[in-house]
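Note sheet for the following structure.
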Amino acid sequence: MSDVVEKLRARLGEAVRADEDVLDAHRRDTWMLGELEDLQGADGPRPLAVVEPADTAGVAEALRVCRTARVPVVTYGGGSGVVGGVRTGGGEVVLSTRRLDGLAALDPNDGVARFGAGTNGMVAERTVQEHGFTIGHWPQSIELATVGGLVATRSAGQFSTGYGNVEDLVLDLEAVLPDGSVLHTRPTPRASAGPDLRQLFLGSEGTLGVITQVAFSLRPLPEATRGQCFHFPDLGSGLDAMRRFVQAGWTPPVVRLYDTKESGRQFADWCPQDRCLLLLIHEGPGAAVELQLREVAALCEAGKGAPVDAAAADHWLENRNHVPTFRELLEKGIVVDTIEVAATWSRIPALYESVVASLEEVEGILVASAHSSHSYRSGTNLYFTFAARPEPARMADTYRECWRRTMEATLAAGGGIAHHHGIGRVRRDWLAAEIGEGGVALLRSVKRALDPDDLLNPGVLLPDAD
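Residue numbers (the numbering used here): 1013 to 1478.
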(Lines of atoms letter the chains of each structure in order from A and count residues from 1; the text may use other names and numbers.)
(Lines give C-alpha, C1' and ligand atoms only; values in the text may rest on other atoms or scores of the structure.)
Protein backbone atom coordinates (compact mmCIF):
# COMPACT_ATOMS: atom_id res chain seq x y z
CA MET A 1 0.00 0.00 0.00
CA SER A 2 1.19 3.48 -0.82
CA ASP A 3 3.04 5.44 1.86
CA VAL A 4 0.60 8.31 1.43
CA VAL A 5 -2.28 6.06 2.46
CA GLU A 6 -0.46 5.14 5.65
CA LYS A 7 0.25 8.81 6.36
CA LEU A 8 -3.38 9.69 5.79
CA ARG A 9 -4.47 6.92 8.14
CA ALA A 10 -2.05 8.14 10.78
CA ARG A 11 -3.67 11.61 10.61
CA LEU A 12 -7.31 10.78 9.83
CA GLY A 13 -7.82 7.21 11.03
CA GLU A 14 -11.02 5.49 9.89
CA ALA A 15 -11.84 8.36 7.53
CA VAL A 16 -9.41 6.69 5.10
CA ARG A 17 -11.00 3.86 3.12
CA ALA A 18 -9.33 1.34 0.82
CA ASP A 19 -12.04 -1.35 0.49
CA GLU A 20 -12.29 -2.50 -3.11
CA ASP A 21 -16.00 -1.74 -3.36
CA VAL A 22 -15.46 1.80 -2.02
CA LEU A 23 -12.56 2.42 -4.39
CA ASP A 24 -14.58 1.07 -7.31
CA ALA A 25 -17.57 3.29 -6.48
CA HIS A 26 -15.38 6.41 -6.62
CA ARG A 27 -13.55 5.78 -9.93
CA ARG A 28 -15.70 8.09 -12.02
CA ASP A 29 -18.87 10.10 -12.38
CA THR A 30 -21.79 9.16 -14.66
CA TRP A 31 -20.24 10.41 -17.91
CA MET A 32 -21.71 8.36 -20.73
CA LEU A 33 -18.29 7.48 -22.12
CA GLY A 34 -17.29 6.08 -18.73
CA GLU A 35 -20.45 3.97 -18.68
CA LEU A 36 -19.61 2.69 -22.16
CA GLU A 37 -16.06 1.76 -21.18
CA ASP A 38 -17.33 -0.17 -18.17
CA LEU A 39 -19.90 -1.99 -20.29
CA GLN A 40 -17.21 -2.97 -22.77
CA GLY A 41 -15.01 -4.32 -19.97
CA ALA A 42 -12.48 -1.47 -19.82
CA ASP A 43 -13.16 -0.49 -16.21
CA GLY A 44 -10.89 2.38 -15.22
CA PRO A 45 -8.24 1.97 -12.51
CA ARG A 46 -9.19 2.49 -8.89
CA PRO A 47 -7.77 5.33 -6.76
CA LEU A 48 -5.23 4.67 -4.02
CA ALA A 49 -7.75 5.49 -1.29
CA VAL A 50 -10.96 7.34 -0.55
CA VAL A 51 -10.77 9.88 2.28
CA GLU A 52 -14.01 10.94 3.97
CA PRO A 53 -13.20 13.81 6.35
CA ALA A 54 -15.88 14.75 8.87
CA ASP A 55 -15.01 18.46 8.97
CA THR A 56 -13.08 21.27 7.33
CA ALA A 57 -10.00 20.57 9.45
CA GLY A 58 -9.94 17.00 8.14
CA VAL A 59 -10.13 18.22 4.54
CA ALA A 60 -7.24 20.59 5.18
CA GLU A 61 -5.16 17.84 6.75
CA ALA A 62 -5.79 15.48 3.83
CA LEU A 63 -4.76 18.13 1.30
CA ARG A 64 -1.58 18.93 3.22
CA VAL A 65 -0.56 15.26 3.37
CA CYS A 66 -1.22 14.75 -0.34
CA ARG A 67 0.57 17.95 -1.32
CA THR A 68 3.66 16.96 0.63
CA ALA A 69 3.63 13.54 -1.05
CA ARG A 70 2.83 15.08 -4.49
CA VAL A 71 -0.23 12.83 -4.85
CA PRO A 72 -3.19 14.10 -6.91
CA VAL A 73 -6.55 14.62 -5.20
CA VAL A 74 -9.94 14.23 -6.89
CA THR A 75 -12.93 15.64 -5.01
CA TYR A 76 -16.07 13.50 -5.13
CA GLY A 77 -19.53 14.76 -4.21
CA GLY A 78 -22.56 12.84 -5.44
CA GLY A 79 -20.92 11.42 -8.57
CA SER A 80 -23.77 12.73 -10.74
CA GLY A 81 -21.63 14.73 -13.18
CA VAL A 82 -22.03 13.86 -16.86
CA VAL A 83 -18.95 15.42 -18.50
CA GLY A 84 -16.08 13.38 -17.06
CA GLY A 85 -15.26 15.67 -14.17
CA VAL A 86 -14.39 12.69 -11.93
CA ARG A 87 -12.16 10.03 -13.45
CA THR A 88 -9.28 8.32 -11.69
CA GLY A 89 -6.12 7.00 -13.29
CA GLY A 90 -4.89 4.81 -10.45
CA GLY A 91 -2.54 7.11 -8.59
CA GLU A 92 -4.92 9.55 -6.91
CA VAL A 93 -6.59 9.98 -3.56
CA VAL A 94 -10.31 10.65 -3.83
CA LEU A 95 -11.60 13.13 -1.25
CA SER A 96 -15.27 12.44 -0.64
CA THR A 97 -17.42 15.19 0.86
CA ARG A 98 -20.05 12.66 1.97
CA ARG A 99 -19.57 13.32 5.70
CA LEU A 100 -19.54 17.11 5.32
CA ASP A 101 -23.31 17.06 5.39
CA GLY A 102 -26.24 18.59 7.16
CA LEU A 103 -27.63 21.98 8.07
CA ALA A 104 -25.08 24.12 9.92
CA ALA A 105 -27.32 27.16 10.47
CA LEU A 106 -30.60 28.70 9.34
CA ASP A 107 -31.56 32.32 9.91
CA PRO A 108 -35.24 32.90 9.03
CA ASN A 109 -34.91 36.65 9.43
CA ASP A 110 -32.07 36.95 6.91
CA GLY A 111 -33.40 34.08 4.79
CA VAL A 112 -30.08 32.21 4.85
CA ALA A 113 -29.30 28.50 5.26
CA ARG A 114 -25.76 27.14 5.55
CA PHE A 115 -24.99 23.52 4.65
CA GLY A 116 -22.00 21.25 4.62
CA ALA A 117 -20.85 20.80 1.03
CA GLY A 118 -21.63 17.09 1.04
CA THR A 119 -25.32 17.62 1.78
CA ASN A 120 -27.57 16.00 -0.81
CA GLY A 121 -29.43 18.60 -2.87
CA MET A 122 -32.90 17.21 -2.17
CA VAL A 123 -32.14 16.87 1.54
CA ALA A 124 -31.11 20.53 1.63
CA GLU A 125 -34.32 21.60 -0.16
CA ARG A 126 -36.56 19.53 2.12
CA THR A 127 -34.76 20.88 5.17
CA VAL A 128 -35.45 24.51 4.33
CA GLN A 129 -39.02 23.67 3.28
CA GLU A 130 -39.64 22.49 6.84
CA HIS A 131 -38.95 26.10 7.86
CA GLY A 132 -41.19 27.60 5.18
CA PHE A 133 -38.48 28.36 2.61
CA THR A 134 -37.14 27.10 -0.70
CA ILE A 135 -33.68 27.29 -2.21
CA GLY A 136 -35.37 27.29 -5.61
CA HIS A 137 -32.64 25.23 -7.26
CA TRP A 138 -34.02 22.14 -9.01
CA PRO A 139 -31.46 20.46 -11.27
CA GLN A 140 -32.45 17.09 -12.70
CA SER A 141 -29.70 15.61 -10.52
CA ILE A 142 -31.11 17.05 -7.27
CA GLU A 143 -31.66 13.63 -5.68
CA LEU A 144 -28.03 12.61 -6.41
CA ALA A 145 -25.89 15.76 -6.38
CA THR A 146 -24.37 17.52 -3.38
CA VAL A 147 -24.64 21.25 -2.77
CA GLY A 148 -20.87 21.59 -3.09
CA GLY A 149 -20.94 19.79 -6.42
CA LEU A 150 -23.70 22.07 -7.69
CA VAL A 151 -21.51 25.08 -6.89
CA ALA A 152 -18.34 23.53 -8.32
CA THR A 153 -20.05 22.77 -11.65
CA ARG A 154 -21.98 26.08 -11.84
CA SER A 155 -25.30 24.31 -11.97
CA ALA A 156 -28.63 25.57 -13.33
CA GLY A 157 -31.97 24.34 -11.99
CA GLN A 158 -35.19 23.71 -13.88
CA PHE A 159 -36.78 26.78 -12.22
CA SER A 160 -33.89 29.07 -13.12
CA THR A 161 -35.67 31.60 -15.35
CA GLY A 162 -37.44 33.00 -12.30
CA TYR A 163 -35.17 31.98 -9.43
CA GLY A 164 -31.76 32.23 -11.02
CA ASN A 165 -28.90 29.74 -11.31
CA VAL A 166 -26.68 28.54 -8.49
CA GLU A 167 -24.41 31.60 -8.72
CA ASP A 168 -27.46 33.77 -8.02
CA LEU A 169 -28.36 31.77 -4.90
CA VAL A 170 -24.98 31.42 -3.13
CA LEU A 171 -24.51 34.05 -0.42
CA ASP A 172 -21.09 32.86 0.73
CA LEU A 173 -18.94 29.77 0.86
CA GLU A 174 -16.00 28.14 2.59
CA ALA A 175 -13.26 26.33 0.69
CA VAL A 176 -9.97 24.65 1.53
CA LEU A 177 -7.16 25.67 -0.81
CA PRO A 178 -4.58 23.20 -2.15
CA ASP A 179 -2.07 24.12 0.58
CA GLY A 180 -4.57 23.38 3.34
CA SER A 181 -5.44 26.98 4.14
CA VAL A 182 -9.11 27.89 4.48
CA LEU A 183 -10.97 30.67 2.66
CA HIS A 184 -14.20 32.12 4.06
CA THR A 185 -16.03 34.60 1.87
CA ARG A 186 -17.99 37.26 3.71
CA PRO A 187 -21.77 36.74 4.14
CA THR A 188 -22.97 40.06 2.75
CA PRO A 189 -25.66 40.55 0.07
CA ARG A 190 -23.20 42.42 -2.14
CA ALA A 191 -19.67 43.80 -1.95
CA SER A 192 -17.35 46.03 -3.94
CA ALA A 193 -14.17 44.80 -2.34
CA GLY A 194 -12.26 43.69 -5.41
CA PRO A 195 -13.12 40.64 -7.54
CA ASP A 196 -15.75 38.32 -6.10
CA LEU A 197 -13.73 35.39 -4.75
CA ARG A 198 -16.80 33.14 -4.73
CA GLN A 199 -16.56 33.13 -8.51
CA LEU A 200 -13.19 31.35 -8.37
CA PHE A 201 -14.99 28.29 -7.06
CA LEU A 202 -18.27 28.55 -8.94
CA GLY A 203 -17.45 26.38 -11.93
CA SER A 204 -13.93 25.47 -10.79
CA GLU A 205 -14.75 21.72 -10.97
CA GLY A 206 -12.47 20.78 -8.09
CA THR A 207 -9.33 22.24 -9.68
CA LEU A 208 -8.70 25.17 -7.31
CA GLY A 209 -9.82 23.92 -3.91
CA VAL A 210 -12.39 21.86 -2.03
CA ILE A 211 -15.68 23.56 -1.19
CA THR A 212 -16.65 22.61 2.37
CA GLN A 213 -19.65 24.85 3.21
CA VAL A 214 -22.24 26.75 1.18
CA ALA A 215 -24.74 29.36 2.38
CA PHE A 216 -27.83 29.93 0.24
CA SER A 217 -30.07 32.97 0.13
CA LEU A 218 -33.60 31.60 0.48
CA ARG A 219 -37.09 32.48 -0.68
CA PRO A 220 -40.37 31.84 1.12
CA LEU A 221 -42.30 28.86 -0.22
CA PRO A 222 -44.56 30.12 -3.02
CA GLU A 223 -48.14 30.97 -2.13
CA ALA A 224 -49.35 29.79 -5.54
CA THR A 225 -48.09 27.56 -8.37
CA ARG A 226 -49.84 27.52 -11.74
CA GLY A 227 -48.94 26.04 -15.10
CA GLN A 228 -49.96 27.02 -18.60
CA CYS A 229 -48.94 25.82 -22.05
CA PHE A 230 -49.07 26.99 -25.66
CA HIS A 231 -48.20 25.48 -29.03
CA PHE A 232 -46.47 27.34 -31.85
CA PRO A 233 -46.09 26.62 -35.57
CA ASP A 234 -42.28 26.53 -35.32
CA LEU A 235 -39.43 26.97 -32.90
CA GLY A 236 -38.68 30.51 -34.08
CA SER A 237 -42.11 31.88 -33.20
CA GLY A 238 -41.97 30.23 -29.78
CA LEU A 239 -38.54 31.69 -29.11
CA ASP A 240 -39.75 35.13 -30.13
CA ALA A 241 -42.70 34.94 -27.73
CA MET A 242 -40.35 33.93 -24.93
CA ARG A 243 -38.04 36.82 -25.72
CA ARG A 244 -40.92 39.28 -25.64
CA PHE A 245 -42.28 38.30 -22.25
CA VAL A 246 -38.88 37.86 -20.57
CA GLN A 247 -37.68 41.23 -21.82
CA ALA A 248 -40.94 42.76 -20.65
CA GLY A 249 -40.07 41.62 -17.14
CA TRP A 250 -42.23 38.49 -16.86
CA THR A 251 -40.04 35.63 -15.66
CA PRO A 252 -41.95 32.44 -14.86
CA PRO A 253 -39.58 30.10 -13.02
CA VAL A 254 -40.05 27.37 -15.65
CA VAL A 255 -39.92 28.33 -19.33
CA ARG A 256 -39.44 25.32 -21.62
CA LEU A 257 -39.92 25.33 -25.39
CA TYR A 258 -39.65 21.98 -27.22
CA ASP A 259 -39.00 21.48 -30.92
CA THR A 260 -41.51 19.47 -32.95
CA LYS A 261 -39.65 16.19 -32.37
CA GLU A 262 -39.56 16.50 -28.59
CA SER A 263 -43.09 17.91 -28.43
CA GLY A 264 -44.37 14.87 -30.30
CA ARG A 265 -42.27 12.47 -28.24
CA GLN A 266 -43.17 13.84 -24.80
CA PHE A 267 -46.48 15.68 -25.18
CA ALA A 268 -48.40 13.92 -27.95
CA ASP A 269 -51.53 13.78 -25.76
CA TRP A 270 -51.69 17.58 -25.64
CA CYS A 271 -49.67 19.14 -28.46
CA PRO A 272 -50.89 18.93 -32.08
CA GLN A 273 -48.58 17.14 -34.49
CA ASP A 274 -45.69 19.16 -35.94
CA ARG A 275 -46.13 21.99 -33.44
CA CYS A 276 -43.74 23.24 -30.75
CA LEU A 277 -44.90 23.13 -27.13
CA LEU A 278 -44.11 25.96 -24.71
CA LEU A 279 -44.50 24.88 -21.07
CA LEU A 280 -44.64 27.46 -18.29
CA ILE A 281 -44.79 27.21 -14.49
CA HIS A 282 -45.62 30.40 -12.57
CA GLU A 283 -44.89 30.68 -8.83
CA GLY A 284 -45.01 33.33 -6.13
CA PRO A 285 -47.59 35.46 -4.32
CA GLY A 286 -51.08 34.57 -5.53
CA ALA A 287 -51.90 38.00 -6.97
CA ALA A 288 -48.56 38.16 -8.81
CA VAL A 289 -49.08 34.70 -10.30
CA GLU A 290 -52.56 35.58 -11.60
CA LEU A 291 -51.26 38.78 -13.18
CA GLN A 292 -48.29 37.02 -14.76
CA LEU A 293 -50.51 34.26 -16.14
CA ARG A 294 -52.67 36.81 -17.96
CA GLU A 295 -49.87 38.99 -19.28
CA VAL A 296 -47.68 36.12 -20.50
CA ALA A 297 -50.68 34.43 -22.14
CA ALA A 298 -51.51 37.62 -24.01
CA LEU A 299 -47.97 37.91 -25.36
CA CYS A 300 -47.89 34.23 -26.37
CA GLU A 301 -51.22 34.43 -28.19
CA ALA A 302 -50.12 37.63 -29.92
CA GLY A 303 -47.05 35.72 -31.13
CA LYS A 304 -48.84 32.84 -32.92
CA GLY A 305 -49.26 30.72 -29.80
CA ALA A 306 -52.42 28.71 -29.12
CA PRO A 307 -53.37 27.50 -25.61
CA VAL A 308 -52.77 23.89 -24.61
CA ASP A 309 -54.35 22.07 -21.67
CA ALA A 310 -52.29 22.89 -18.56
CA ALA A 311 -52.33 19.15 -17.75
CA ALA A 312 -49.22 18.99 -19.94
CA ALA A 313 -47.40 21.06 -17.31
CA ASP A 314 -48.64 18.76 -14.55
CA HIS A 315 -47.36 15.78 -16.55
CA TRP A 316 -43.94 17.37 -16.85
CA LEU A 317 -43.78 18.19 -13.12
CA GLU A 318 -44.55 14.59 -12.20
CA ASN A 319 -42.18 12.95 -14.70
CA ARG A 320 -39.39 15.45 -15.30
CA ASN A 321 -36.63 13.45 -13.63
CA HIS A 322 -37.65 9.99 -14.83
CA VAL A 323 -35.30 9.15 -17.69
CA PRO A 324 -33.63 5.90 -18.83
CA THR A 325 -30.10 5.35 -17.58
CA PHE A 326 -27.14 5.45 -19.93
CA ARG A 327 -26.52 1.78 -19.17
CA GLU A 328 -30.03 0.76 -20.24
CA LEU A 329 -29.59 2.46 -23.61
CA LEU A 330 -26.03 1.27 -24.13
CA GLU A 331 -27.14 -2.33 -23.61
CA LYS A 332 -29.44 -1.79 -26.60
CA GLY A 333 -26.52 -0.57 -28.69
CA ILE A 334 -27.55 3.09 -28.48
CA VAL A 335 -25.14 5.91 -27.62
CA VAL A 336 -26.93 8.97 -26.30
CA ASP A 337 -26.23 12.23 -24.53
CA THR A 338 -27.54 15.71 -23.89
CA ILE A 339 -25.50 18.82 -24.67
CA GLU A 340 -26.54 22.22 -23.28
CA VAL A 341 -25.35 25.38 -25.01
CA ALA A 342 -26.49 29.02 -25.01
CA ALA A 343 -26.65 32.05 -27.27
CA THR A 344 -28.25 35.46 -27.66
CA TRP A 345 -31.79 35.64 -29.05
CA SER A 346 -30.68 36.70 -32.51
CA ARG A 347 -28.29 33.74 -32.87
CA ILE A 348 -30.26 30.90 -31.32
CA PRO A 349 -32.53 29.95 -34.28
CA ALA A 350 -29.62 29.49 -36.69
CA LEU A 351 -27.63 27.68 -34.01
CA TYR A 352 -30.48 25.19 -33.60
CA GLU A 353 -30.74 24.55 -37.32
CA SER A 354 -27.01 24.09 -37.84
CA VAL A 355 -26.48 21.73 -34.90
CA VAL A 356 -29.45 19.52 -35.80
CA ALA A 357 -28.41 19.44 -39.48
CA SER A 358 -24.86 18.47 -38.56
CA LEU A 359 -25.97 15.74 -36.15
CA GLU A 360 -28.31 14.28 -38.74
CA GLU A 361 -25.30 13.59 -40.95
CA VAL A 362 -23.81 11.18 -38.40
CA GLU A 363 -23.99 7.56 -39.49
CA GLY A 364 -26.53 5.64 -37.44
CA ILE A 365 -28.19 8.73 -35.96
CA LEU A 366 -31.66 8.08 -34.55
CA VAL A 367 -32.51 11.36 -32.83
CA ALA A 368 -31.27 14.95 -33.08
CA SER A 369 -33.58 17.33 -31.22
CA ALA A 370 -33.59 20.17 -28.71
CA HIS A 371 -35.54 22.27 -26.25
CA SER A 372 -34.90 25.57 -24.49
CA SER A 373 -35.09 25.47 -20.70
CA HIS A 374 -33.28 28.52 -19.26
CA SER A 375 -33.96 32.05 -20.52
CA TYR A 376 -32.57 35.53 -19.87
CA ARG A 377 -33.16 39.08 -21.07
CA SER A 378 -30.54 38.75 -23.81
CA GLY A 379 -30.78 35.10 -24.78
CA THR A 380 -31.61 31.51 -23.97
CA ASN A 381 -30.13 28.04 -23.90
CA LEU A 382 -30.68 24.99 -26.04
CA TYR A 383 -30.53 21.50 -24.62
CA PHE A 384 -29.72 19.11 -27.46
CA THR A 385 -30.38 15.39 -27.33
CA PHE A 386 -28.71 12.94 -29.68
CA ALA A 387 -29.07 9.18 -29.96
CA ALA A 388 -27.35 6.89 -32.46
CA ARG A 389 -27.06 3.16 -33.07
CA PRO A 390 -23.65 2.63 -34.71
CA GLU A 391 -21.73 -0.57 -35.23
CA PRO A 392 -20.62 -1.84 -31.78
CA ALA A 393 -16.95 -1.16 -32.53
CA ARG A 394 -17.79 2.48 -33.36
CA MET A 395 -19.88 3.43 -30.35
CA ALA A 396 -17.23 5.58 -28.69
CA ASP A 397 -16.18 7.16 -31.99
CA THR A 398 -19.80 8.00 -32.84
CA TYR A 399 -20.29 9.54 -29.41
CA ARG A 400 -17.24 11.76 -29.85
CA GLU A 401 -18.32 12.68 -33.38
CA CYS A 402 -21.71 13.90 -32.14
CA TRP A 403 -20.01 16.02 -29.51
CA ARG A 404 -17.50 17.43 -32.00
CA ARG A 405 -20.21 18.41 -34.44
CA THR A 406 -22.30 20.07 -31.73
CA MET A 407 -19.38 22.03 -30.34
CA GLU A 408 -18.16 23.20 -33.74
CA ALA A 409 -21.60 24.19 -35.00
CA THR A 410 -22.33 26.05 -31.75
CA LEU A 411 -19.09 28.02 -31.96
CA ALA A 412 -19.62 28.79 -35.65
CA ALA A 413 -23.06 30.20 -34.81
CA GLY A 414 -21.64 32.42 -32.06
CA GLY A 415 -22.96 30.38 -29.14
CA GLY A 416 -21.41 29.32 -25.84
CA ILE A 417 -20.37 25.69 -25.53
CA ALA A 418 -21.56 25.01 -21.95
CA HIS A 419 -24.61 26.33 -20.15
CA HIS A 420 -24.69 24.32 -16.92
CA HIS A 421 -23.02 20.89 -16.98
CA GLY A 422 -19.50 22.28 -16.97
CA ILE A 423 -16.40 21.43 -18.99
CA GLY A 424 -15.01 18.26 -17.40
CA ARG A 425 -13.07 16.26 -19.96
CA VAL A 426 -15.58 16.09 -22.77
CA ARG A 427 -15.50 19.84 -23.57
CA ARG A 428 -11.99 20.92 -22.59
CA ASP A 429 -10.56 20.75 -26.14
CA TRP A 430 -12.95 23.57 -27.09
CA LEU A 431 -12.33 25.79 -24.07
CA ALA A 432 -9.83 28.01 -25.90
CA ALA A 433 -12.39 28.63 -28.64
CA GLU A 434 -14.88 29.61 -25.93
CA ILE A 435 -12.79 31.95 -23.76
CA GLY A 436 -9.80 32.63 -26.03
CA GLU A 437 -6.14 31.76 -25.61
CA GLY A 438 -5.82 34.72 -23.26
CA GLY A 439 -8.61 33.35 -21.10
CA VAL A 440 -6.99 29.92 -20.94
CA ALA A 441 -3.65 31.54 -20.05
CA LEU A 442 -5.34 33.47 -17.24
CA LEU A 443 -6.94 30.33 -15.84
CA ARG A 444 -3.58 28.54 -16.03
CA SER A 445 -2.00 31.38 -14.07
CA VAL A 446 -4.64 31.13 -11.35
CA LYS A 447 -4.21 27.37 -11.25
CA ARG A 448 -0.40 27.65 -10.94
CA ALA A 449 -0.69 30.23 -8.17
CA LEU A 450 -3.01 28.07 -6.08
CA ASP A 451 -1.91 24.59 -7.14
CA PRO A 452 1.62 24.80 -8.61
CA ASP A 453 2.01 21.03 -8.78
CA ASP A 454 -1.34 20.50 -10.55
CA LEU A 455 -2.55 18.08 -7.90
CA LEU A 456 -6.23 18.98 -7.69
CA ASN A 457 -8.34 17.12 -10.23
CA PRO A 458 -5.73 17.13 -13.01
CA GLY A 459 -7.01 16.65 -16.55
CA VAL A 460 -10.27 18.51 -15.94
CA LEU A 461 -11.40 21.90 -17.27
CA LEU A 462 -8.12 23.10 -18.78
CA PRO A 463 -6.92 21.67 -22.09
CA ASP A 464 -3.58 19.88 -22.11
CA ALA A 465 -0.65 22.29 -22.30
CA ASP A 466 1.37 22.26 -25.54
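Glycine is no exception: its CB is placed at the ideal position from the N, C-alpha and C atoms.
Residue pairing by DSSP places A1318 opposite H1243 in a beta bridge. Here the C-alpha atom of A1430 lies approximately 19 Å from the C-alpha atom of Y1270. Here N1331 carries a helix assignment [DSSP, helix/strand/coil]. By the Cβ rule, the stretch 1098 to 1118 counts as touching the stretch 1049 to 1068, because three or more pairs are nearer than 8 Å. Excluding sequence positions up to five before and after R1417, its CB lies within less than 8 Å of the CB of V1367, S1370, L1371, E1373, V1374, all in the same chain and listed in chain order. By the Cβ neighbour-count rule, S1457 is exposed, with fewer than 16 other Cβ atoms within 10 Å of its own.
Under DSSP, T1146 forms a beta bridge with R1231. The residue from A1461, R1039, C1288, L1220 with its alpha-carbon nearest to that of H1383 is C1288. Listed as beta-bridge partners of E1295 by DSSP are T1237. In this structure, the beta-carbon distance from E1302 to G1174 does not fall below 8 Å.
According to DSSP, residue pairing for L1195 in a beta bridge involves A1187. In the same chain as D1463, and ignoring 5 residues on each side of it, the C-beta atoms closer than 6 Å to its own belong to P1190, in chain order. Taking a C-beta distance under 8 Å as the contact criterion, I1346 and A1408 do not qualify as a contact pair.
Around the Cβ of T1100, a 10 Å sphere holds 16 or more other Cβ atoms; the residue is buried. By the C-beta density criterion, Q1211 is exposed, having fewer than 16 other C-beta atoms within 10 angstroms. At the C-beta level, M1044 and V1348 come within 8 Å of one another.
In terms of CA proximity to E1073, V1028 leads the group V1028, A1461, T1422. In the structure shown, E1352 adopts extended strand secondary structure according to DSSP, grouped into three states. Annotation: the continuous beta strand (DSSP E) that includes R1126 extends over 1124 to 1128. The beta carbon of P1470 is closer than 7 Å to those of P1084 in its chain, skipping five residues each way along the sequence. Looking only at E1137, L1183, R1268, the smallest Cα-Cα distance to G1239 is reached by R1268. Out of A1323, A1136, D1050, the CA that lies nearest to the CA of E1343 is found in D1050. If one requires a minimum length of 4 residues, the alpha helix (DSSP H) runs lying completely within the stretch 1052 to 1118 are 1068 to 1081, in chain order. For the options E1365, D1466, G1261, the alpha carbon positioned closest to that of A1380 is the one of E1365. Cβ neighbours of G1261 within its own chain (closer than 7 Å, five residues either side excluded): none. Taking each of S1390, L1329, R1359 in turn and checking the Cα distance to Q1259, the smallest one comes out for S1390. Contact between V1163 and L1107 does not hold, since their C-beta atoms are separated by about 16 Å, which reaches or exceeds 8 Å. DSSP places R1277 in the helix class (H, G or I) of the three-state scheme. Taking C-beta atoms as the reference points, G1089 and G1130 count as a pair closer than 8 Å.
Exclusion of the five residues before and after L1329 leaves G1239, I1293 as the residues of its chain whose Cβ lies within less than 8 Å of its Cβ. F1171 and P1265 do touch by the CB rule: their CB atoms are close to 4 Å apart, below 8 Å. In this structure, DSSP gives C1312 a helical state, which the three-state scheme calls helix. Within the same chain, and ignoring the five residues on either side of V1098 in sequence, the residues whose Cβ sits closer than 7 Å to its Cβ are R1040, D1041, V1086, Y1088, G1091. The three-state reading of DSSP puts I1223 in strand, counting E and B together.
Contact annotation: the stretch 1147 to 1157 does not touch the stretch 1198 to 1206, with fewer than three C-beta pairs closer than 8 Å. Excluding residues up to 5 positions away in sequence, R1029, V1034, L1035, H1038, V1106, S1108 lie with their Cβ nearer than 7 Å to the Cβ of V1062 in the same chain.
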